Every structure is written in structure tokens, then in C-alpha cells.
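Report on the structure given below.
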Amino acid sequence: MAVQKLPLAKAINESLRTALDTDPKVLIMGEDVGKLGGVFRVTDGLQKDFGEERVIDTPLAESGIVGTAIGLALRGYRPVVEIQFDGFVFPAYDQIVTQLAKMHARSLGKIKMPVVIRIPYGGGIGAVEHHSESPEALFAHVAGLKIVSPSNSSDAYWMMQQAIQSDDPVIFFEPKRRYWDKSEVDTEAIPGPLHKARVVREGADLTLAAYGPMVKVCVEAAAAAAEEGKSVEVVDLRSMSPIDFDTIQTSVEKTRHLVVVHEAPVFYGSGAEIAARITERCFYHLEAPVLRVGGFHAPYPPARLEEEYLPGLDRVLDAVDRSLAY
Amino acid sequence: MTVESTAARKPRRSSTKRVSAKKPQRSEPELVQLLTPEGERIEHPDYSIDLTPDELLGLYRDMVLTRRFDAEATALQRQGELGLWASLLGQEAAQIGSGRALRDDDYVFPTYREHGVAWCRGVDPTNLLGMFRGVNHGGWDPNTNNFHLYTIVIGSQTLHATGYAMGVAKDGADSAVVAYFGDGASSQGDVAESFTFSAVYNAPVVFFCQNNQWAISEPTERQTRVPLYQRAQGFGFPGVRVDGNDVLACLAVTRDALERARRGEGPTLVEAFTYRMGAHTTSDDPTKYRADEEREAWEAKDPILRLRTYLEKQGFADAAFFDGLEAESESLGKRVREAVRAMPDPDQMAIFENVYADGHALVDEERAQFAAYQASFAEEGK
């Protein structure tokens with residue numbers, strides 16, 4: 208059956224299964240990805256079906272996971288590695304930024320690095336410290352990496368297929384609080400380009416741009432705004448490097464207002480980059496400065512405070528009001 | 227924890243434990259050696275080697291030409307043709323011995339000082355100079371000679387070597403992989419992780435540590451309390467210390483480690499005990515941190531001199547051989563000199579090349595903007 212309603216985590220699982228099935232060079236690596244199927248069960252059942260040589264439980268060492276994945280890629284493999292949580296990626300940061308990202312350029316194109324790094328990211332699940340972060344901007348700043356994040360099951364399936372097929376390293380940020388959200392996946396569809404944004408709700412008065420876990424919040428905000436007579440368009444960016452500025456520009460030229468929403472701290476965040484570039488591109492169309500809604504310049508708070516820290520419906524609507532009133 | 231508090235806890239231990247907790251012996255462990263500094267051929271119970279005179283002459287030639295190339299590169303830096311050079315002076319035996327132990331299908335992950343290993347792999351020495359001149363970050367195709375690009379960040383390549391070796395094992399091949407690193411790198415977490423990964427996956431990799439006694443200004447005592455080769459034991463694979471200035475011993479020990487890897491017996495750590503005769507790089511000043519006497523003591527253990535003494539004593543080489551090699555050295559120096567001076571600066575648009583394999587919209591946009599900006603000067607010039 209080509210069309211199924213799947214939770215986002217299961218869609219990634221199916222996508223990994225398809226990749227393992229079709230390309231013998233694809234490997235899954237990470238802590239607890241084997242028998243356990245990962246702490247979120249994203250790799251559930253894969254080791255049972257594809258064996259320990261292809262679905263590899265690794266020692267508990269993130270730099271080692273990414274560093275050996277680089278070596279495996281040099282040998283012709285296509286490793287898909289899991290970093291168990293967002294806040295655990297930093298021991299691997301050096302290998303990702305210094306080695307993985309630069310290998311193609313420094314070898315003058317002779318070495319390709321088809322490595323996918325899966326990172327469950329973001330908050331909203333009541334987790335302990337270091338389990339709720341959104342470090343995407345720290346990677347998007349680095350040339351040589353591609354950064355994507357799906358917001359729904361269909362994108363999760365297809366973007367993972369495309370990430371694995373890419374000859375560039377892709378960091379695949381998985382919105383962990385959406386893992387259990389179900390939506391339709393057509394495994395026989397023809398997907399659009401990996402780095403193209405998509406308008407998920409059309410509107411005339413203001414554009415909300417978001418990705419990953421915040422797309423759902425923005426769609427809900429748009430629905431709430433509609434009840435107040437405001438027509439809000441929602442763009443799901445899907446990719447943070449590269450960013451599809453053309454799609455945002457087209458939307459903003461129509462709506463003349465832009466609010467960017469992400470869980471990551473606003474300071475130096477992807478919203479800042481979007482604000483700068485859209486201001487350059489749409490200076491005479493804009494009727495208000497580009498506004499940003501996101502995390503504060505503070506460590507991710509204890510779980511009992513995360514609802515205040517994370518952009519929710521009300522904070523997004525507040526920004527919508529401020530933009531339209533400008 | 228302070229020393230006092232450790233001592234205070236000791237009485238609680240059983241007497242047998244106190245005996246086992248005795249301080250380790252401070253004397254240096256024995257090296258595997260097959261050719262003494264005086265050029266005398268000796269036997270070792272665990273490692274043997276049987277080379278023809280031609281093979282011995284080959285090793286000698288490799289070391290002499292590598293040293294000549296290295297000296298030329300240092301001179302080119304002094305002349306302003308290179309921005310920097312990391313000399314291998316003194317480490318020729320470690321690199322040629324280990325490099326000549328390799329098969330074509332083996333794969334090497336070097337640091338930035340493995341000029342002698344590059345020579346053994348057939349990498350054109352002039353290609354090593356591009357990155358030091360600043361025209362590229364490594365000008366050779368790693369897959370042509372199974373010699374990876376130089377890795378500058380210390381220790382990172384040991385994980386790449388381990389991953390590559392894991393891939394070799396998955397492929398069912400009997401190739402082996404060598405990860406080169408130094409005494410300073412032994413402190414890096416990546417090196418410890420590569421030991422862990424290679425051990426638990428039984429990866430066919432040889433960790434070849436050139437302990438040249440100095441990590442820029444820091445002596446090996448700043449990196450370790452135990453001889454480095456002993457680290458392997460804690461990870462569950464063998465470690466061996468070899469006289470790094472003895473090309474025969476380095477060849478024998480590396481061959482043995484490679485054979486272990488090929489047989490599926492997993493990793494080996496080889497500590498080649500040697501000495502960095504020169505500065506860390508041309509930017510360094512060793513007179514600030516080490517005594518001349520130390521260098522002089524190591525000069526007496528020179529890797530090339532001892533093999534020459536042996537070759538002459540055995541009558542394997544005559545004056546014609548040494549004269550011929552001298553001429554070959556000079557011609558190599560000349561070729562390197564001319565090649566470096568002829569190296570063109572890269573095209574400015576090369577900044578944007580190969581950032582990604584499959585392209586990236588922002589790189590395309592910035593490339594176009596920069597090209598237009600450059601073109602605007604041409605317009606003005608009209």
C-alpha cells in the first residue's frame with residue numbers, strides 16, 4: 208500500500224528501511240540503535256532485519272561515531288548516524304565542522320561525504336537538561352553542511368530518502384515532539400526538491416515562516432488569526448541550509464509582513480539570517496520590520512518552564528499583531 | 227584528590243593489594259631494534275627481517291631522498307616560497323620503514339609530517355607543497371595512492387582510519403589501514419575513541435605513533451605517565467615500542483602488525499621511539515624549550531648514518547652508489563624547487579568550487595555576486 212497514515216518517527220523508520228533495502232552501502236550507526244531500536248524507536252526492527260553489520264550499535268562516543276562514519280564514507284559506504292539527543296552532539300562538533308564539512312572542498316572534489324546525521328531536537332516533551340535544544344544555527348553557519356528538518360510524516364520519509372542519496376553531508380533535525388504525530392505518507396509519490404520550501408497555508412496579510420516542530424504551531428496560529436479576520440500564510444522552510452529565500456520572497460511580496468518562528472534562541476538564529484536577506488530582497492514591499500519569535504538568550508530552562516520558553520500560539524499571535532499594527 | 231588523601235586511604239587496603247600498587251619501574255622499556263646506532267645488525271627474538279642488498283639500498287635511497295626533499299622544502303620556506311614547512315628531519319626511518327611495509331591496497335591516514343610515507347606511496351613530493359605554499363589544502367587525489375590528505379587538527383584522522391578499516395572488514399578484504407599520529411595526539415579524545423572503536427569492532431588498523439619526544443614545546447612527560455605503547459593494553463590489543471631510528475626494525479614491526487590486521491586479529495599500536503631533530507615547523511624556535519645536548523645525543527642515533535655504516539661494512543654499496551645517490555638528490559631538489567616556483571596561484575573563483583558535491587543555492591548566489599563585483603573593475607578599466 209503506497210499511502211499510509213504514519214507517525215513521523217515511523218515514517219523515518221520506513222524510509223531507513225527502504226534505504227537499507229535498496230542500497231547495500233547504507234549503514235545505520237549510533238548508540239542503542241540496534242536491539243533497542245533507538246531511545247525513540249526510530250530504528251526499531253532494523254537490526255533484526257538487516258543484521259549487526261549494517262545496523263550498528265556503537266560505543267558511547269559521539270566524536271567516534273561521526274569520525275568512523277567519515278572513514279566508512281571514504282571506503283564507499285553511506286552511513287546514517289544517530290546522535291541520541293540534540294545536546295549530545297557537541298563531542299562530535301569538531302568532526303562535523305572540521306572534517307566532515309570540509310572534506311569535499313579540501314580534496315578539490317575528489318572525496319564525497321554522503322553521511323547523514325540524524326538529531327532528534329527541540330523541546331516540548333518535559334525532558335531533563337540537554338535533551339531539548341535546537342542547535343541548528345550552529346551547523347548552518349558552516350559551509351559544506353546541509354541542514355534540513357521535516358515537519359510532517361511525508362516530508363520525514365522523503366527528505367530522509369533524499370538526504371541519504373545526497374553526496375553531501377546532511378544534518379537531519381528530527382522534531383522529537385512531533386514523532387508521534389500521524390499524517391499521510393505516499394511511498395510512491397514523486398517528491399519535490401529537498402531544499403525547497405512549501406506554502407502549507409495560503410494567506411494575504413502576513414507570512415509566518417517556520418520549520419520542524421514550529422510549523423504546526425504556526426498553522427494553528429494562522430487558524431486562530433483567521434477567526435479575527437487576519438489572513439496569514441504559513442511557509443514550511445524544510446531546509447535551513449540552503450534556505451529557499453525565493454519562496455519566502457514571493458510570499459512576502461504578497462503579504463508585506465514576515466514573522467519567523469523557531470525554537471532556537473533568536474540571537475544569531477536562522478530568523479536573523481532570514482530577516483536580513485528578506486529585508487534586502489523586499490525592502491520596498493515590507494510594511495513592517497521582519498519580526499522573530501523564538502527562544503531567549505538563556506540556557507534551555509527546566510521542563511516546568513519550557514512552555515514559557517518555547518514559542519507557543521499566543522507568542523506567535525502577539526508577533527502577528529505587532530507586525531500588522533506597525 | 228590530593229596525594230595526602232590518597233595515602234591516608236591506603237591502610238584500608240589489604241596487604242596483597244598494597245604490594246600490587248607498588249610504583250612502576252622508572253627505567254625505560256626495551257625497544258625492538260635490529261640495527262644499532264653503530265650500524266651493527268642484531269637479532270630480536272620476536273621480530274626478524276631478511277632483506278636483499280638491493281632492498282637495503284632501496285631503503286637507504288628512500289631515506290636520503292626524503293631528507294633531501296625535506297631540506298629543500300625548509301629552504302623554500304626560508305626563501306619565502308612556502309608559508310610554512312613541517313620538517314620530518316630525524317624521522318626518516320620511522321616513516322620509510324613503516325611506509326615500505328605497506329601493500330598497494332592498504333590505506334594510509336597521515337598527519338601533516340608524513341612526507342616519507344607519502345614518498346613510499348608514490349605521491350609526487352611536489353604535490354605535498356601546495357598546501358604549505360597556500361595554493362590548495364592538499365593537491366593529490368587520496369584514492370590514487372591510497373594516501374589520505376594531510377590532517378592538521380591533531381588526532382582526528384585516527385577515527386577516519388578506524389572507520390575505513392571497519393569498511394575494509396565489512397567488504398571482506400584483507401587490506402590493512404595505518405593511522406599515523408604523534409606523542410601529542412595521544413592525549414586527544416579522538417585517539418582514545420579510535421582505540422575503543424577499533425578494538426570492539428576488531429578493525430584491521432595499525433596505529434603508528436611517532437613519539438618524537440616533543441609536541442611543539444611540550445615533552446612527552448606532559449602527555450603521559452606510562453610509555454605510550456602500553457596504552458594499547460588497556461584497550462585490549464597489543465602495543466610495541468620500536469626504535470624509530472632503525473628502518474629495519476620499523477619495517478619488521480609494521481609488517482608484523484599489518485599481518486595481524488590482515489589475519490583478522492585487529493588493531494596494533496606501534497610506538498616508534500624517535501626524535502624531531504628540527505623545529506616543530508619553520509615558525510617554531512626549539513632553543514626556547516630544549517637543550518642542545520639532547521639533540522646532540524639523538525644525532526648519534528641518526529637513522530641514515532647507521533644504515534650507511536652497515537651497508538659499507540657489508541660491502542653492499544660502493545662509492546659509485548653514494549655518488550649516484552648524491553646526484554639524484556640534487557636533481558630531486560632542483561625539480562622540487564622549480565615545481566614550487568612554477569606553481570600558479572589558484573583562480574579567485576576557486577573559493578566557490580567544491581564547497582558542495584551537489585551544489586548549494588547560497589554558494590551559487592555569492593559566486594555570481596563576487597564575479598559581478600570583480601567584473602565591475604574590468605568595466606571601470608575600459
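Chains as they are written, first to last, in the working numbering: chain B, 208 to 533; chain P, 227 to 608.
Note that CB positions come from ideal geometry on N, CA and C, so glycine has one too.
Bear in mind that the values here come from a model prediction, so they are computed numbers and not experimental data.
Residue i versus residue j: straight-line alpha-carbon distance, rounded
i         : j         : result
Leu257(P) : Ala411(P) : 21 angstroms
Ala402(P) : Asp544(P) : 37 angstroms
Pro449(B) : Ser530(B) : 26 angstroms
Ala247(P) : Arg448(P) : In this prediction, Ala247(P) has a pLDDT of 39, which is less than 50 and means its spatial position is unreliable; nothing more can be read from the coordinates.
Cys425(B) : Ala416(B) : 8 angstroms
Thr229(B) : Val343(P) : 39 angstroms
Thr513(P) : Glu289(B) : 48 angstroms
Asp571(P) : Ala526(P) : 42 angstroms
Lys423(B) : Leu512(B) : 20 angstroms
Lys212(B) : Pro472(B) : 33 angstroms
Lys249(P) : Arg451(P) : Model confidence at Lys249(P) stands at a pLDDT of 44, short of 50, so the residue's coordinates are unreliable; what they give is reported in the following sentence. Going from the Cα of Lys249(P) to the Cα of Arg451(P) covers about 11 angstroms.
Phe596(P) : Met366(B) : 31 angstroms
Ala433(B) : Glu514(B) : 24 angstroms
Ala601(P) : Glu579(P) : 18 angstroms
Val349(B) : Asp528(P) : 45 angstroms
Ala598(P) : Ile318(B) : 30 angstroms
Gly504(P) : Ala320(P) : 15 angstroms
Tyr300(B) : Gln414(P) : 15 angstroms
Asp584(P) : His311(B) : 11 angstroms
Arg224(B) : Ile272(B) : 20 angstroms
Asp590(P) : Ile303(B) : 23 angstroms
Tyr516(B) : Arg499(B) : 14 angstroms
Lys255(B) : Ser420(P) : 27 angstroms
Gly258(B) : Glu485(P) : 28 angstroms
Asp293(B) : Tyr386(B) : 15 angstroms
His402(B) : Ser356(B) : 10 angstroms
Cβ-Cβ separation, residue j to residue i (assumed contact under 8 angstroms), whole Å
i         : j         : result
Thr422(P) : Pro266(B) : 5 angstroms
Leu495(P) : Thr275(B) : Not really, about 17 angstroms apart at Cβ, beyond 8 angstroms.
Nearest neighbour of residue i, chosen from the options [CA to CA]
i         : options                                       : result
Asn220(B) : Thr275(B), Thr414(B), Gly519(B) and Glu381(B) : Glu381(B)
Phe490(B) : Arg463(B), Val500(B), His469(B) and Gln306(B) : Arg463(B)
Glu592(P) : Ile380(P), Gly325(P), Ala576(P) and Gln259(P) : Ala576(P)
Asp276(P) : Phe335(P), Leu474(P), Gln305(P) and Phe499(P) : Leu474(P)
Ser222(B) : Phe247(B), Ala370(B) and Ile455(B)            : Ala370(B)
Tyr159(B) : Lys317(B), Val527(B) and Ala334(B)            : Only positions 208 to 533 of chain B appear in the structure, and residue 159(B) is not among them; the question remains open.
Arg359(P) : Gln305(P), Ser557(P) and Ala546(P)            : Gln305(P)
Ala396(B) : Asp256(B), Lys309(B), Leu253(B) and Gln368(B) : Gln368(B)
Val466(P) : Glu519(P), Ile268(P), Thr262(P) and Tyr273(P) : Tyr273(P)
Pro376(B) : Gly329(B), Asp362(B), Tyr328(B) and Phe346(B) : Phe346(B)
Ala483(B) : Pro509(B), Gly502(B), Phe297(B) and Ile455(B) : Ile455(B)
Glu502(P) : Val468(P), Ala441(P) and Arg486(P)            : Looking at the sequence provided, one finds Arg at residue 502(P) rather than Glu. The candidate whose alpha carbon is nearest that of Arg502(P) is Ala441(P).
Leu315(B) : Ala327(P), Asp400(P), Met357(P) and Gly325(P) : Met357(P)
Val536(B) : Ala495(B), Arg445(B), Val323(B) and Glu343(B) : No answer is possible for residue 536(B): the residues shown for chain B start at 208 and end at 533.
Ala327(P) : Val426(P), Leu310(P) and Arg481(P)            : Arg481(P)
One or two residues paired with residue i in a DSSP bridge
i         : result
Gln211(B) : Val392(B)
Phe433(P) : Ala405(P) and Leu495(P)
Ile354(B) : Ile378(B) and Ser448(B)
Phe373(P) : Val334(P)
Arg267(P) : Leu261(P)
Gly502(B) : Pro472(B)
Enclosing alpha helix (DSSP H) for residue i [first to last residue]
i         : result
Gly504(P) : No alpha helix (DSSP H) contains Gly504(P), which DSSP labels as neither H nor E.
Phe421(P) : Gly415 to Val426
Gln303(P) : Pro279 to Arg304
Asn580(P) : From DSSP, Asn580(P) is part of no alpha helix (DSSP H); its letter is neither H nor E.
Arg408(B) : Counting along the chain, Arg408(B) falls outside any alpha helix (DSSP H), though it belongs to the beta strand (DSSP E) covering Arg405 to Arg408.
Phe461(P) : Arg457 to Phe461
Val233(B) : No alpha helix (DSSP H) holds Val233(B); the beta strand (DSSP E) holding it covers Val233 to Gly237.
Val424(B) : Met421 to Glu434
Glu514(B) : Glu513 to Tyr516
Bounding residues of the beta strand (DSSP E) (the contiguous stretch that carries residue i)
i         : result
Tyr328(B) : Val323 to Tyr328
Phe407(P) : Val403 to Gly408
Ser443(P) : Taken as a continuous stretch (DSSP letters only), Ser443(P) belongs to no beta strand (DSSP E), as it is neither H nor E.
Thr486(B) : Premise fails: Thr486(B) lies in the alpha helix (DSSP H), Ser477 to Arg488, not in any beta strand (DSSP E).
His469(B) : Leu465 to Pro472
Gln456(B) : Premise fails: Gln456(B) lies in the alpha helix (DSSP H), Phe452 to Thr462, not in any beta strand (DSSP E).
Thr414(B) : Leu413 to Ala417
Asp443(B) : Val439 to Asp443
Phe380(B) : Val377 to Pro382
Val473(P) : Note, Val473(P): premise wrong, no beta strand (DSSP E); alpha helix (DSSP H) at Val473 to Arg488.
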